[in-house]
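First up is the structure itself, then whatever we jot down about it.
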């Protein structure tokens, strides 16, 4: 049985992007080391430290489906049809795009619960990754998340888009994390206590 | 030469207290283990795991002075005159209390910069600890902080008083942290890049 987990890269003050959706130095860790980890998109790869490489390989190897919000989908132009994780994408949106049928590996659904359920079916026993912060928060509130991964970056941005906001079901309690010390990111894996 | 560092216990979503100043389960780690670490106030002590004990002993052994804001001072009633760290306290406040002269080990100053300078003089080569979040943020913006300690608690509070807010000098960049895995808190020690 696969797990449902959220993974975001977050500044020490809780932001996953600057106010203009820029990720800037938050993603420095993707290029901070000598170990090459290929993404599913052959046009690019990660270059990270050994610890981060182990974490990324595990995420890549077990990715069964990915759930994201419409904003991320639009912002990345649907990753050109191939998400770096190499998994089919489920987009939670209230406005199905007119060209929905042309996205061969993307499914559009109307709610977070439906998104997780659809992704579980697609993943077929592998993991479901939540890649949008607002979807992660709503899924946490719905009790649908097994693990929360945070790649914690040693910077205070001061402002931006938060990972965790507008939680209606807080407090959410986790086990102590598995800690993977990486270069320019400390990877923390928390199991959610339900 | 002593260091100036800020140390706060923070939820994974960045809060050091709930909206009513309650610290609730954030401080569970102070009582989550079998190792007794005496505080400077003989009326109470910490009971923590071995890793957290090492961290606390280091902080206690090197505490030369403590800087806090007026709200924390009032909230704790000046720790009854004896801060658990056993160090003299410098309070940054615009309203010196009428009974200021009666606080034998407490100094009242009017600005953050003056607070850090006064604490450095009192510490006389030992460390200065900043114990209020808003003072820590202002001192960071002034370039007066050497290290930022975060005891990161595996809970999402959803709302509360943030550790880092209203930063005027962000982004602030740190080295990768020294990581001390503790029970119910992951201790992260960041050196500030100036």
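Residue numbers (the UniProt record's numbering), protein chains in the order written: chain F, 1 to 194; chain Y, 1 to 194. In this text, a Cβ means the ideal position worked out from N, Cα and C, and glycines have one as well.
Is it true that the region 54-64 of chain Y meets the region 10-23 of chain Y, where meeting means three or more beta-carbon pairs spaced less than 8 Å apart?
No, the region 54-64 of chain Y is not in contact with the region 10-23 of chain Y.
If you measure from the beta carbon of residue 71(Y) to each beta carbon in chain F, is any gap under 9 Å?
As a first step, residue 71(Y) is located in the second chain; it is residue number 71 there, counting from the start. It does not: the Cβ of residue 71(Y) has no partner Cβ on chain F nearer than 9 Å.
Between the CA atoms of residue 79(Y) and residue 85(Y) - distance to the nearest angstrom:
For the purposes of this step, residue 85(Y) is taken as residue 85 along the second chain, with counting starting at 1. For the purposes of this step, residue 79(Y) is taken as residue 79 along the second chain, with counting starting at 1. As the crow flies, the alpha-carbon of residue 85(Y) is around 10 Å from that of residue 79(Y).
How would you write the range of the beta strand (DSSP E) that residue 40(F) sits in, first residue to last?
As a working note, residue 40(F) is residue 40 in the first chain. No beta strand (DSSP E) holds residue 40(F); DSSP gives it neither H nor E.
Contact with chain Y by residue 64(F), beta-carbon distance below 9 Å:
Translated into positions along the first chain, residue 64(F) becomes position 64. Look at residue 64(F): its C-beta is not under 9 Å from any C-beta on chain Y.
Exposed or buried, what is residue 129(F) when buried is set at 16 or more other beta-carbons lying within 10 Å of its beta-carbon?
If you number the first chain from 1, residue 129(F) lands on position 129. The C-beta of residue 129(F) has 16 or more other C-beta atoms within 10 Å across all chains shown, which makes the residue buried.
Those residues which DSSP pairs with residue 69(F) across a bridge:
The sequence position of residue 69(F) within the first chain is 69, counting from 1. Beta bridge pairing from DSSP links residue 69(F) with 92(F).
Compare the Cα-Cα distances from residue 152(Y) to each of 2(Y), 1(Y) and 7(Y) and report the closest residue.
Mapped onto the second chain, residue 152(Y) falls at position 152. Per the Cα distances, 7(Y).
Closest Cβ-Cβ distance between residue 116(F) and chain Y: below 9 Å?
By one-based count along the first chain, residue 116(F) stands at place 116. No, because no Cβ of chain Y sits closer than 9 Å to the Cβ of residue 116(F).
With distances taken from CA atoms, which of 138(F), 182(F) and 120(F) is nearest residue 154(F)?
For the purposes of this step, residue 154(F) is identified with residue 154 of the first chain, where counting begins at 1. Per the Cα distances, 182(F).
Pull up the distance between the alpha-carbon of residue 148(F) and that of residue 116(F), whole angstroms please.
Locating residue 148(F) in the first chain gives position 148, counting from the first residue. Locating residue 116(F) in the first chain gives position 116, counting from the first residue. Going by the C-alpha atoms only, they are around 15 Å apart.
Determine, for residue 190(F), whether the minimum Cβ-Cβ distance to residues of chain Y falls below 9 Å.
On the first chain, position 190 is the one that residue 190(F) refers to. Yes, contact with chain Y.
Distance, residue 186(F) Cα to residue 89(F) Cα:
In the first chain, the residue the question calls residue 89(F) occupies position 89. In the first chain, the residue the question calls residue 186(F) occupies position 186. Straight-line Cα distance between these residues: approximately 26 Å.
Under 9 Å between C-beta atoms, does residue 7(Y) make it to chain F?
The sequence position of residue 7(Y) within the second chain is 7, counting from 1. Chain F contact via Cβ: absent.
Have a look at residue 173(F) and residue 157(Y) and give me their C-alpha separation to the nearest angstrom.
Residue numbering aside, residue 173(F) sits at position 173 when the first chain is read from its first letter. Residue numbering aside, residue 157(Y) sits at position 157 when the second chain is read from its first letter. When only Cα atoms are considered, residue 173(F) and residue 157(Y) end up about 9 Å apart.
Please list, in chain order, the residues of the region 162-184 of chain F that have any C-beta partner in chain Y closer than 7 Å.
Per Cβ criterion, the list reads 164, 167, 170, 171, 172, 173, 174, 175, 176, 177, 179, 181, 183 and 184.
Same chain, Cβ closer than 7 Å to residue 193(Y), neighbours up to 5 away in sequence not counted
Position 193 of the second chain, counted from the first residue, corresponds to residue 193(Y). So the list reads 173, 174 and 175, once near-sequence residues are dropped.
Have a look at 106(Y), 178(Y), 50(Y) and 133(Y) and flag the residue whose alpha-carbon is nearest the alpha-carbon of residue 34(Y).
Working through the second chain from its first residue, we reach residue 34(Y) at position 34. For residue 34(Y), the closest C-alpha among the options 106(Y), 178(Y), 50(Y) and 133(Y) is that of 50(Y).
Please look up how many angstroms separate the CB atoms of residue 140(F) and residue 113(F), rounded, as I've assumed it's under 8 Å.
For this step, residue 140(F) is matched to residue 140 along the first chain. For this step, residue 113(F) is matched to residue 113 along the first chain. Not confirmed; about 12 Å, so no contact.
Tell me the DSSP secondary structure of residue 55(F) in three-state form.
By one-based count along the first chain, residue 55(F) stands at place 55. Here residue 55(F) sits in helix by DSSP.
Whose CA, out of 13(F), 124(F), 58(F) and 178(F), lies closest to the CA of residue 164(F)?
Stepping through the first chain from its first residue, residue 164(F) is reached at position 164. Considering only alpha carbons, the answer is 13(F).
Within 9 Å of any Cβ in chain F, is that where the Cβ of residue 14(Y) sits?
Position 14 of the second chain, counted from the first residue, corresponds to residue 14(Y). Yes, its Cβ sits closer than 9 Å to a Cβ of chain F.
Can you tell me where the beta strand (DSSP E) holding residue 114(F) begins and where it ends?
For the purposes of this step, residue 114(F) is taken as residue 114 along the first chain, with counting starting at 1. Bounds of any beta strand (DSSP E) do not take in residue 114(F); it lies within the alpha helix (DSSP H) bounded by 112-123.
In angstroms, rounded to a whole number, what distance separates the CA positions of residue 105(F) and residue 68(F)?
Residue 105(F) sits at position 105 when you count from the first residue of the first chain. Residue 68(F) sits at position 68 when you count from the first residue of the first chain. Roughly 13 Å between the two C-alpha positions.
Where residue 80(F) falls: helix, strand or coil (DSSP):
Residue numbering aside, residue 80(F) sits at position 80 when the first chain is read from its first letter. Three-state DSSP puts residue 80(F) in a helix.
Endpoints, the beta strand (DSSP E) within which residue 152(F) is located:
To locate residue 152(F), count along the first chain from 1; it is residue 152. DSSP places residue 152(F) inside the beta strand (DSSP E), whose first and last residues are 147-153.
Smallest Cα separation from residue 4(F): which of 167(F), 74(F), 142(F) and 168(F)?
On the first chain, residue 4(F) is found 4 positions in, with the first residue counted as 1. Of the listed residues, the one whose Cα sits closest to residue 4(F) is 142(F).
How would you list, in chain order, the residues of chain Y whose beta-carbon sits under 9 Å from the beta-carbon of residue 76(F)?
Here residue 76(F) refers to the residue found at position 76 when the first chain is read from its first residue. Result: empty, since nearest Cβ-Cβ is about 24 Å, beyond 9 Å.
Find the residues of chain F that neighbour residue 156(Y), judging by a C-beta separation of less than 7 Å, and give them in chain order.
Taking the second chain and counting its residues from 1, the one referred to as residue 156(Y) is at position 156. Neighbours of residue 156(Y) on chain F, chain order: 164, 167, 170, 171 and 172.
Cβ-heavy atom distance between residue 24(F) and the ligand MN below 8 Å?
Absence of the ligand MN from the depicted structure is noted, as is the absence of any ligand whatsoever, leaving it without description.
Residue-level contact to chain F via CB, residue 25(Y), 9 Å cutoff
What you label residue 25(Y) is simply residue 25 of the second chain in a count that begins at 1. Yes, residue 25(Y) counts as interfacial toward chain F.
Alpha carbon to alpha carbon, what distance is there between residue 21(F) and residue 171(Y)?
Numbered from 1 along the second chain, position 171 holds the residue referred to as residue 171(Y). Numbered from 1 along the first chain, position 21 holds the residue referred to as residue 21(F). Taking the straight line from one Cα to the other gives about 16 Å.
Using beta carbons (cut-off 9 Å, strictly below), is residue 147(Y) in contact with chain F?
As a working mapping, residue 147(Y) is identified with position 147 in the second chain. Chain F contact via Cβ: absent.
Kindly say whether residue 152(Y), judged by its beta-carbon, lies nearer than 9 Å to any beta-carbon of chain F.
As a working mapping, residue 152(Y) is identified with position 152 in the second chain. Chain F, which has a Cβ nearer than 9 Å to the Cβ of residue 152(Y), makes this yes.
Going by the CB atoms, is the gap between residue 2(Y) and residue 126(Y) shorter than 9 Å?
For the purposes of this step, residue 126(Y) is identified with residue 126 of the second chain, where counting begins at 1. For the purposes of this step, residue 2(Y) is identified with residue 2 of the second chain, where counting begins at 1. Going by C-beta atoms, residue 126(Y) is nearer than 9 Å to residue 2(Y).
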